[in-house]
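Position one of the sequence shown corresponds to residue -18 (the numbering used here), numbered consecutively onward.
Just so you know, even glycine gets a beta-carbon here, dropped at the ideal spot from N, CA and C.
Data first, discussion second: the structure below is written as structure tokens.
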Amino acid sequence: MNLYRILKNGILSRKDKSGEILESRIEEPVVSLKKEEPFSSSSIVSCVKGDYLDTEDELTLQKYQSNLRILSQRVKEEGEIRDFRLIREDDFFPYDWKWRVNCRKTYREAKSSKLSYALRMEEVERRARLLHPEREKFPIKVPLTDKEEKAISSSIPPSYGQVLEPTVFRSTKHFTINTPLAYTGSYNQVSSDRNFVVIDRVDSFCQSGYGYSADYFDAYLDMTHEELPISSSGIVLISDEKYPQIMKDPILAEQLGERRVIRYRGEEATAINMVLSQEGILPYRAGKYLEYDPELDEIMKRSMQKFCVQHDLDYAHGHGNLFGRGGHFSDVLDSFNLEHKEFVAEFCSYLQQHYPEYAGVYTDTFYSFPEKIVPAIGGEKIVSCISSYNDWAEKQVSKDRREYDLERDQIDLETHQLFTKTLRVIRNRYEREDSFVENDPELLSSLLTFFHSLCVEEQKKSAQKILELTHQKESFSK
């Protein structure tokens, strides 16, 4: 056995007194590995590798924490936050890189409703009768076992019976600033983990002339008159789980190719903050990775207040209108919007055309109280018609959105100035008057048209009427 084999096999040979060869195995030495030092840097580093971000990778977390330490020290030395990023988490993609109002002409979504619930329960019963035909004969239903009930429920798609409804109308669009939505706690009372996260510069928001209020937890503006462009430097974050399905849509895939897209693994809030940190932005809340002291909290508060003064924005003016009291005036006005009622009428009219023999039952009450009507007509018939309606609605909203965008693209400087001037008059004179919408019916009618009409010409006429009525009121009060 040569030396190489001896060393390789860890074997030494020797002879005893009789000349017999004995072998003894060499014990492998214990190798002492040097412990890796924690990551340390004196400058901001990237957490993203290429266009992929793993929020659970140990080295990435160390880089993130290093960025946080550097940024927090920098903010203390400078005494203010100087850079802000606008963040929006949304299930609806901003086609053509524009944020637009949520309304019947821009987006629709499949929603659960009393109708879909009634249809689902009717389908459960139909499938239960296939398992137990005797359920048809006896008034007391044969109970399903847990296993049977679970099997039936799981075999029915979650979208069963859901209708493509217009998104809930809201005249405002809400963002966070330097903050993941998940870190706003109970303030927003909405879920995070949306399909898309868009991080953008705050310039377009500030320069729009439509801004209402700003704070780290909530920044919002009027969206009913013009759309808000997303800059070419905007960054889109999409989770690992959702990325493959999203990219199957060729239109989305093409549009996403126009901006930087970061695919991330792990917690959404951490991913957002990691991207902010490598962009040189100290997140307003860092979660468990760094606890801010009172000095830092105070600097952040003063910086946001200064930001609001510079851009003529209310500071931290809450939007929600709880039980008709408080909140922003636009939220009060939105409660008068009739789009959902108009949708129900449209949907019922569609059903009447397809099943005229049941025309008498397709009313508003059908959508709200369908329990008795669904069994009478038959759930399968209604579901088939819903499928047909959804196909129509999807094509219709795509057409409507193109027309809506085109009309707003043609807004000239004069119209822009009319709209923003009218908005300032409403804000300055009426924003803090809790009951102004109830005290002047003529003004209320003009306000509703100004904010809720989807026609630019109607909005222009109502703007001029609001300015006229406001001038009359100001003159009378002198």
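Item to complete: Would you mind sorting Ser258 into buried or exposed? The rule is 16 or more other CB atoms within 10 Å of its CB.
Response: On the sequence shown, residue 258 is found 277 positions in, with the first residue counted as 1. Buried, by the Cβ-count rule.
Worksheet entry | Alpha-carbon to alpha-carbon, Glu37 and Gln286 | In the sequence shown, counting from the first residue as 1, residue 286 sits at position 305. In the sequence shown, counting from the first residue as 1, residue 37 sits at position 56. CA-CA distance, Gln286 to Glu37, rounds to 35 Å.
Discussion item. Please tell me whether Phe74 and Leu233 are closer than 7 Å, where the distance is taken between their beta carbons.
Written reply: Residue mapping note: residue 74 aligns to position 93 of the sequence shown, counting from 1. Residue mapping note: residue 233 aligns to position 252 of the sequence shown, counting from 1. In terms of Cβ geometry, Phe74 and Leu233 form a close pair [threshold 7 Å].
Worksheet item: Taking Cβ to Cβ, would you say His309 is nearer than 7 Å to Cys187?
Response: What you label residue 309 is simply residue 328 of the sequence shown in a count that begins at 1. What you label residue 187 is simply residue 206 of the sequence shown in a count that begins at 1. Inclusion of His309 and Cys187 in the CB contact set at 7 Å is not warranted, their separation being larger than that value.
Practice prompt. Look at the alpha carbon of Glu260 and the alpha carbon of Val437, and state the distance between them as a whole number of angstroms.
Written response: Position 279 of the sequence shown, counting from 1, holds the residue named residue 260. Position 456 of the sequence shown, counting from 1, holds the residue named residue 437. Near 38 Å, if we compare the C-alpha coordinates of Val437 and Glu260.
Worksheet item: Looking at C-alpha atoms only, which residue of Arg151, Ile227 and Gln236 is the closest neighbour of Gly301?
Response: Here the question's residue 301 lines up with position 320 in the sequence shown. When each option's Cα is compared against that of Gly301, the closest is Arg151.
Discussion item. Rounded to the nearest angstrom, what separates Val179 and Val217 at their Cα positions?
Written reply: On the sequence shown, position 198 is the one that residue 179 refers to. On the sequence shown, position 236 is the one that residue 217 refers to. Cα to Cα, the separation comes out at about 5 Å.
Item to complete: State the CB to CB distance for the pair Tyr164 and Gly268, rounded to an integer number of angstroms; the pair is presumed to be in contact (CB under 8 Å).
Response: Position 183 of the sequence shown, counted from the start, is the residue given in the question as residue 164. Position 287 of the sequence shown, counted from the start, is the residue given in the question as residue 268. Right, the Cβ-Cβ distance comes to about 6 Å (below 8 Å), so this counts as a contact.
Item to complete: Pick helix, strand or coil for His292, following the three-state DSSP scheme.
Response: Locating residue 292 in the sequence shown gives position 311, where the first residue counts as 1. Here His292 sits in coil by DSSP.
Practice prompt. Assuming Tyr348 contacts Val325 (C-beta within less than 8 Å), just tell me the rounded distance between them.
Written response: The sequence position of residue 348 within the sequence shown is 367, counting from 1. The sequence position of residue 325 within the sequence shown is 344, counting from 1. Tyr348 to Val325, Cβ: 5 Å. Contact.
Discussion item. Using a 10 Å radius around the Cβ and a threshold of 16 neighbouring Cβ atoms, would you call Arg55 buried or exposed?
Written reply: By one-based count along the sequence shown, residue 55 stands at place 74. Here Arg55 is exposed: its Cβ has fewer than 16 other Cβ atoms, across all protein chains shown, within 10 Å.
Worksheet item: Unbroken alpha helix (DSSP H) runs of length 4 or more, entirely within the stretch 394 to 433: which are they?
Response: With a minimum length of 4 residues, the continuous alpha helix (DSSP H) runs that stay inside the stretch 394 to 433 are 394 to 411, 417 to 420 and 422 to 433.
Worksheet item: Expressed to the nearest angstrom, what Euclidean distance is found between the alpha-carbon atoms of Ser13 and Phe20?
Response: Position 32 of the sequence shown, counting from 1, holds the residue named residue 13. Position 39 of the sequence shown, counting from 1, holds the residue named residue 20. In this prediction, Ser13 scores a pLDDT of 45, lower than 50, which makes its location untrustworthy; the coordinate-derived value is nonetheless stated afterwards. Ser13 and Phe20 have their alpha carbons spaced roughly 21 Å apart.
Discussion item. Are there any heavy atoms of the ligand SAM lying less than 6 Å away from the beta-carbon of Lys442, as far as the coordinates show?
Written reply: What this structure holds is no ligand at all, so the ligand SAM is not there to describe.
Fill in: Cut-off 7 Å between Cβ atoms - residues of its own chain near Tyr352, not counting five sequence neighbours on either side
Here the question's residue 352 lines up with position 371 in the sequence shown. Note that residue 352 corresponds to Glu in the displayed sequence, not to Tyr. Spatial neighbours of Glu352 in its own chain (CB-CB distance under 7 Å, excluding positions within 5 residues in sequence) are listed in chain order as Ala99.
Worksheet entry | Contact set for Glu90: own chain, Cβ-Cβ below 6 Å, skip 5 residues either direction | In the sequence shown, residue 90 corresponds to position 109, counting from 1. Counting only Cβ-Cβ distances below 6 Å, and skipping sequence neighbours, we find Thr148.
Practice prompt. Inspect the CB distances between the stretch 78 to 85 and the stretch 200 to 219 and report whether three or more fall short of 8 Å.
Written response: With three or more CB-CB distances shorter than 8 Å, the stretch 78 to 85 counts as touching the stretch 200 to 219.
Worksheet item: Going by the beta-carbon positions, is the gap between Arg244 and Ile219 smaller than 7 Å?
Response: Position 263 of the sequence shown, counting from 1, holds the residue named residue 244. Position 238 of the sequence shown, counting from 1, holds the residue named residue 219. Yes, the pair counts as a contact, with Cβ atoms nearer than the cut-off.
Fill in: For Arg182 and Leu67, the rounded distance between their alpha carbons
To locate residue 67, count along the sequence shown from 1; it is residue 86. To locate residue 182, count along the sequence shown from 1; it is residue 201. C-alpha separation (whole angstroms): 6 Å.
Worksheet entry | Backbone CA spacing between Val29 and Gln391 [nearest angstrom] | The residue labelled residue 29 in the question sits at position 48 within the sequence shown. The residue labelled residue 391 in the question sits at position 410 within the sequence shown. Spanning the alpha carbons of Val29 and Gln391 requires a straight line of approximately 40 Å.
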